[in-house]
Every structure is written in C-alpha cells, then in structure tokens.
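Q:
In our numbering, the protein residues as written are 45 to 342.
This is the structure in structure tokens:
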C-alpha cells in the first residue's frame, strides 16, 4: 500500500467534527510522554506543557492531540507513564469530561487503534488513596484522522499524525518498537539518536514531507495538519497547504497550532527569564494568525 493509499484511507475513515468562527482549538502532537526516566524526552518540558494546556482549558479551547502523545515504544505500559505524569492526565481528563478532548494515534502509540486496548488501559486508573479503580478517560475513542468541517463554508481541515507517508514507521512499526526498546532507548540516554526517527533523520524527513505535499496537491490543496517529523510548518495562502504543529519535545519549548476566530496560528511556549531574574513560562506567536478562508480553493 502506497503513501497515497494510506492517506486516502485515513481521510475516508476520519471522524468529522463541526467547527465555526467561534470555535477555539489547540493542536499539539508528539508529546512522547514517558516514565520520567533519563530517556523520557517529555519530562524536560512537562511544566511548560502543563502550564500551556491549563491555559487552553481555562480559555475554553478544545484539545486535539495528533498522535505520539504517549511513548509506548520505549515503555511497556501506559500505567508507568500515567504514574510519572499523573497531573497532566488529570488535566486532560477535565477536557475529556467536557467533550473537549479529541485523540489521534501515531506510530509510537499505534496500539491505541485497538479499542479493546484503549478500554483496558485508559478507561480507569487505580487510586491508592481510595483503593479503587477510578474513572479516567471513560469511553474515549482514538482515531487515525479527524476532519474539521466549517459549519458555514464547509471548508475542511484534515488532521492526522503523518506517519502514513513514512512507509517504514507505518508498516514496520512493531519492528521499530522492538529496536527502540532493546537498542535505542539505552543509547538515547547516552545521547545517540535513533536513525529510524524522521525527526532525527533529515533526509527521511524531506521525503515524508514531499509525499504528504503531493497528496495535498492531488486533493485540491486540502488543508492538512500533521506532526510526526517534529518540524513546524506554516504555509502562506496560495502555497501547498501543509501544516505541521511541531512537537512538545523541542529543547526547552513546545510548539502547536491554535485555531481561533476563524484563523490559524503557529505558537511556541517556552521558559524565559524576566527582568527581575525570575523564570516564567510565556507564549510566543511565530506565524499568523491567518484566516482559514484565505486558504480556500475554488
């Protein structure tokens, strides 16, 4: 099956969500939440991510996570990840309880495409304080893709992880997972990068982007938002409508895409030093806001 066929299938089977100019949506991906070990890349940015996500919760945003949220290649179970970052998951639970959480699986959490696995591991968690299983993400559904459809203009935004254009990490993800667990995780602790990761292999990254852009062209320049490569992309109107929200494991920063007032923006959250010498987490606008209507093709 080709990259085109895999993307076609993801688009055909995507969950459709309605939105309008009053909708507020934050898109993050590639959090790679781990077990707080030396190999847990997310641990370095956990406070930044929590602060940003809490901001979006209080501001009434919906949260769409575009895959690789949980690092289930390096880690054997969700339970160890949950224990390491419980405060993050309890915040995500608040989004879920208010029907504001929408999840997509990527190659590092592809086990979530199995509803039985999701039900077993994500519906509840054991609370040692009560001695009972408590509700977590009850009845949550993971999707390969989501299509946001504007209620008035019918304009569509196609959201997926993007590994469909990466034949190795889509077709042979189990082999990649095995290699990461037995070889690259311990080497990662010593600073040696996994060559199968497109985020750390520039040549492969460019190939993946090229395949995705070709698919977008064939789809009449359908606005497409992915992650996977960890490289933020924000096109100008008239260019190929290929967006990438980056990742949450950049050095000392996270990036994402905001949709608000019918416009899209690329943003970064990072730790900065204030004039009085205190550290604080701040939001920076990198690109936009640009009206989504400006990307509409006739």
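Beta carbons are placed, not taken as given, at the ideal position from N, Cα and C, and that holds for glycine.
1) Quick check: the Cα distance between residue 59 and residue 88, rounded to an integer number of angstroms?
2) Around the Cβ of residue 198, are there at least 16 other Cβ atoms within 10 angstroms (buried) or fewer (exposed)?
3) So is residue 240 buried or exposed if we call it buried at 16+ other beta carbons inside 10 Å?
4) Answer yes or no: the CB of residue 308 versus the heavy atoms of the ligand GTP, is any distance below 7 Å?
5) Which whole-angstrom value is the C-beta distance of residue 92 and residue 315, which I expect to be below 8 Å?
6) Pick out whichever of 86, 148, 102 has its Cα sitting closest to the Cα of residue 129.
7) In the DSSP output, which residue or residues are listed as bridge partners for residue 307?
8) Between which two residues does the alpha helix (DSSP H) carrying residue 36 extend?
9) Check whether the segment 134-149 touches the segment 176-185, counting contact only when three or more Cβ pairs, one atom from each stretch, lie closer than 8 Å.
10) Helix, strand or coil for residue 17, going by three-state DSSP, please let me know.
11) Indicate whether the contact test is met: 3 or more Cβ pairs, each with one atom in the segment 63-77 and one in the segment 104-122, closer than 8 Å.
12) Within this structure, are the beta carbons of residue 310 and residue 276 separated by less than 8 Å?
13) For residue 61 and residue 73, what's the separation of their Cα atoms in angstroms?
14) State buried or exposed for residue 83, treating a residue as buried only when at least 16 other CB atoms are found within 10 Å of its CB.
15) Let me make sure I understand the geometry here. Which of 287, 137, 339 has the alpha-carbon closest to that of residue 94?
16) Helix, strand or coil for residue 251? Go by DSSP, reduced to three states.
17) Nearest to residue 167 by CA position, among 52, 133, 151, is which residue?
18) Can you find the residues in the same chain that come closer than 6 Å, C-beta to C-beta, to residue 340, ignoring five residues on each side of it along the sequence?
19) Enumerated in chain order, which unbroken segments of the alpha helix (DSSP H) with a length of 4 residues or greater are wholly contained in the segment 47-97?
20) For residue 124, does the three-state DSSP call read helix, strand or coil?
21) Whose CA, out of 201, 329, 287, lies closest to the CA of residue 272?
22) Counting C-beta neighbours from all protein chains within 10 Å, is the total for residue 299 16 or more, i.e. buried, or is it exposed?
23) Helix or strand or just coil, what does DSSP make of residue 258?
24) What does DSSP give as the partner residues of residue 153 in its beta bridges?
25) How many angstroms separate the CA atom of residue 204 from the CA atom of residue 320?
26) Can you name the start and end residues of the alpha helix (DSSP H) that residue 319 belongs to?
27) Using DSSP with H/G/I as helix, E/B as strand and the rest coil, what is residue 160?
28) Using a Cβ-Cβ cutoff of less than 8 Å, which residues in the same chain neighbour residue 165 once the five nearest sequence positions on both sides are dropped?
29) For a test of the three-state rule: what should DSSP assign to residue 99, helix, strand or coil?
A: To lay it out plainly:
1) Taking the first residue of the chain shown as 1, we reach residue 59 at position 15. Taking the first residue of the chain shown as 1, we reach residue 88 at position 44. Whole-angstrom Cα-Cα distance: 32 Å.
2) One-based indexing of the chain shown puts residue 198 at position 154. Classification of residue 198: exposed, given that the 10 Å Cβ count is below 16.
3) Your numbering for residue 240 matches position 196 in the chain shown. Because the pLDDT of residue 240 is 47, which lies under 50, any placement of that residue in the model is unreliable, and the question is left without a value.
4) Because no ligand of any kind appears in the structure shown, any question about the ligand GTP cannot be addressed here.
5) Position 48 of the chain shown, counted from the start, is the residue given in the question as residue 92. Position 271 of the chain shown, counted from the start, is the residue given in the question as residue 315. Yes, they are in contact, since the Cβ atoms of residue 92 and residue 315 sit about 6 Å apart, within 8 Å.
6) In the chain shown, counting from the first residue as 1, residue 129 sits at position 85. Comparing Cα-Cα distances from residue 129 to each of 86, 148, 102, the minimum goes to 86.
7) For the purposes of this step, residue 307 is identified with residue 263 of the chain shown, where counting begins at 1. DSSP, once it has assigned bridges, lists 304, 335 as partnering residue 307.
8) Since the displayed the chain opens at 45 and closes at 342, residue 36 lies outside it and no answer follows.
9) yes
10) Here the chain covers residues 45 to 342 and nothing more, so residue 17 does not appear.
11) yes
12) As a working note, residue 310 is residue 266 in the chain shown. As a working note, residue 276 is residue 232 in the chain shown. Yes.
13) Position 17 of the chain shown holds residue 61. Position 29 of the chain shown holds residue 73. Their backbone Cα atoms lie some 18 Å apart in a straight line.
14) Taking the first residue of the chain shown as 1, we reach residue 83 at position 39. Answer is buried; the Cβ neighbour count reaches 16.
15) Here residue 94 refers to the residue found at position 50 of the chain shown. Among 287, 137, 339, the Cα nearest to that of residue 94 is on 137.
16) Within the chain shown, the letter at position 207 stands for residue 251. Residue state, collapsed to three classes: helix.
17) In the chain shown, the residue the question calls residue 167 occupies position 123. Here the closest residue by C-alpha is 133.
18) The count along the chain shown starts at 1 and reaches residue 340 at position 296. Within the same chain, residue 340 has close Cβ partners 199.
19) Listed in chain order, the complete alpha helix (DSSP H) runs (minimum 4 residues) inside the segment 47-97 are 47-56.
20) For this step, residue 124 is matched to residue 80 along the chain shown. Residue 124: helix per DSSP, three-state reduction.
21) Here residue 272 corresponds to residue number 228 of the chain shown, with the count starting at 1. Comparing Cα positions, the closest option is 287.
22) As a working mapping, residue 299 is identified with position 255 in the chain shown. Residue 299 is buried by the Cβ-count criterion.
23) For the purposes of this step, residue 258 is taken as the residue at position 214 of the chain shown. Looking at residue 258 - three-state DSSP - the assignment turns out to be helix.
24) Here residue 153 is taken as the residue at index 109 of the chain shown, counted from 1. Beta-bridge pairing by DSSP links residue 153 to no other residue.
25) Counting from 1 along the chain shown, the entry for residue 204 is found at position 160. Counting from 1 along the chain shown, the entry for residue 320 is found at position 276. Their Cα atoms are separated by approximately 42 Å.
26) In the chain shown, residue 319 corresponds to position 275, counting from 1. Element bounds for residue 319: n/a, residue is neither H nor E.
27) Translated into positions along the chain shown, residue 160 becomes position 116. In this structure, residue 160 counts as helix in the three-state DSSP scheme.
28) Here residue 165 refers to the residue found at position 121 when the chain shown is read from its first residue. Hits under 8 Å: 121, 122, 123.
29) Taking the chain shown and counting its residues from 1, the one referred to as residue 99 is at position 55. The answer is helix: DSSP assigns residue 99 an H, G or I state.
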